[in-house]
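K.L.:
For the record, the sequence lines run as chains A and B.
Per the numbering used here, the first sequence starts with residue 459, numbered consecutively.
Per the numbering used here, the second sequence starts with residue 459, numbered consecutively.
There are 2 protein chains.
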Amino acid sequence: MTAKIFPTAQDAENAFYEALERCDLEGMMAVWAEDEDVICVHPTGPRLTGQDQVRESWARIFSGGPRARVHITNQVAISGMMLAVHSVHENFVIEGQSQRVGDAAPAPIVATNVYLRTAAGWRMIVHHASPAPAPAQPAPRDAPPKILH
Amino acid sequence: MTAKIFPTAQDAENAFYEALERCDLEGMMAVWAEDEDVICVHPTGPRLTGQDQVRESWARIFSGGPRARVHITNQVAISGMMLAVHSVHENFVIEGQSQRVGDAAPAPIVATNVYLRTAAGWRMIVHHASPAPAPAQPAPRDAPPKILH
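1. Would GLY538 (chain A) pass as a contact of GLY538 (chain B) if the rule is Cβ separation under 7 Å?
2. I want to verify the contact list: residues of chain B whose CB lies under 9 Å from the CB of ASN507 (chain A), in sequence order.
3. List, in chain order, every chain B residue whose beta-carbon is nearer than 8 Å to that of MET570 (chain A).
4. Which residue's Cα is closest to the Cα of ILE552 (chain A): A:THR466, A:GLU479, A:GLN468?
5. Nearest to TRP490 (chain A) by CA position, among A:MET540, A:PRO589, A:THR576, is which residue?
6. Assign ASP600 (chain B) to buried or exposed, taking buried as 16 or more other Cβ atoms, counted over all protein chains shown, within 10 Å of its Cβ.
7. With H, G and I counted as helix, E and B as strand and the rest as coil, what does DSSP make of SER515 (chain B)?
8. Please list the segments of the beta strand (DSSP E) lying wholly inside the segment 469-554 of chain A, counting only runs of 3 or more residues, in order along the chain.
9. Using a Cβ cut-off of 7 Å, which residues of the segment 477-492 of chain B contact any Cβ in chain A, in chain order?
10. Could you check where the beta strand (DSSP E) with PRO589 (chain A) kicks off and where it finishes?
11. Run the proximity test for CYS481 (chain B): is its beta-carbon closer than 6 Å to any non-hydrogen atom belonging to the ligand PLP?
12. Select from A:PRO591, A:TYR573, A:PRO589, A:HIS586 the residue whose C-alpha is nearest the C-alpha of LEU472 (chain A).
13. Along chain A, in chain order, which residues have C-beta atoms closer than 9 Å to that of PRO609 (chain B)?
14. Consult DSSP for ALA461 (chain B) and reduce its assignment to one of helix, strand or coil.
15. Would you identify the three-state DSSP class for ALA565 (chain B), choosing helix, strand or coil?
16. Using DSSP's beta-bridge definition, name the partner residues of THR576 (chain B).
17. Consider the Cβ of GLY538 (chain A): report whether some Cβ of chain B lies at a distance smaller than 7 Å.
18. SER521 (chain B) CB to nearest chain A CB: under 7 Å?
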């Protein structure tokens, strides 16, 4: 198999989230740098280091098959010649669960993604994800209208 | 006040953790880049962006005064010309609480710190911290010795 070349950090990020949605382990690992210093922190998890630990963790996560769509929002990108850092909100939408008007927005996962320019294009070298707290609950939808006396 | 110049990302990191231990708000903010894109995620917290949100959060955290020492371990550093990424374990030791032999090691905080080379030296631009799960409990110290029949 020919390794994929990602011409930009954004291309690598797009491929990362596509692989995550599809539970595509080979697609996921094609995004990561072939470097013993790769680092991955899944939400509420410990720090994993090295290709083997990172691959094993994604294999476990993907074993249940695709279940969620992920929408990336609030991206902040900081780019250098060799390194790029993207901070994003990952918004997971579980298949079959539709958001109702008036529902509280589900809490996003906050992710810091670091990409390294290698001889084989841009690759992920750090993924650090952690759950943000749930936002404040909105007023109930069927609350009686406020009457000002 | 003359702004501090940090000649390396490691100098900025040392100053960051010294300010954190001392609850020194001005020392802390001297480490951060003067950039509206600075990002800070405290353990279990939401993503904060910009100098104002970051300063407010540290002011709140520091309001109780110094209580803990922090030992940095397991550093992995990835360095470019303009950006440097340090992944570390932050090990907090609360004053007055000593670790007993046989106690489980407390769970560290995992932090991803990103530094930017600015005209005024290296500054922090991202701090993303999240609690690692507690390690597996060791065997109780006073468990009876195993007897093999």
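Glycine is no exception: its CB is placed at the ideal position from the N, C-alpha and C atoms.
From a predicted model like this one, the values you see are computed outputs, not experimental measurements.
P.N.:
This is what the structure gives:
1. Against a cut-off of 7 Å, the Cβ pair of GLY538 (chain B) and GLY538 (chain A) comes out as a contact.
2. According to the sequence as given, residue 507 (chain A) is Thr; it is not Asn. Going along chain B in sequence order, the residues near THR507 (chain A) (Cβ under 9 Å) are ASN532, VAL534, SER545.
3. The sequence as given places Thr at residue 570 (chain A); Met does not occur at that position. Those within 8 Å of THR570 (chain A) in chain B are ILE497, VAL499, THR570, VAL572, VAL584, HIS586.
4. Taking only the C-alpha atoms, the option nearest ILE552 (chain A) is A:GLU479.
5. Ranking the options by Cα distance to TRP490 (chain A), first place goes to A:THR576.
6. Here ASP600 (chain B) scores only 49 on pLDDT, less than 50, and its place in the model should not be relied on; the value that follows carries that caveat. Exposed.
7. Residue state, collapsed to three classes: helix.
8. Taking only runs of at least 3 residues, the beta strand (DSSP E) segments lying wholly in the segment 469-554 of chain A are 497-499, 505-507, 526-537, 541-552.
9. The residues in question: there are none.
10. Taken as a continuous stretch (DSSP letters only), the beta strand (DSSP E) holding PRO589 (chain A) covers 579-589.
11. Ligands displayed in this structure: none; no statement on the ligand PLP is therefore possible.
12. The displayed chain sequence assigns Asn, not Leu, to residue 472 (chain A). The shortest CA-to-CA distance from ASN472 (chain A) to any of A:PRO591, A:TYR573, A:PRO589, A:HIS586 is the one to A:TYR573.
13. Past the edges of chain B, shown from 459 to 607, lies residue 609 (chain B), and the structure says nothing about it.
14. Secondary structure at ALA461 (chain B): coil, using DSSP grouped into helix, strand and coil.
15. In the structure shown, ALA565 (chain B) sits in coil (DSSP, three-state: anything other than H, G, I, E or B).
16. BP columns for THR576 (chain B) point to B:GLY579.
17. Contact of GLY538 (chain A) with chain B is assigned, a C-beta pair being separated by under 7 Å.
18. For SER521 (chain B), the answer is no, since every Cβ of chain A falls outside 7 Å of its Cβ.
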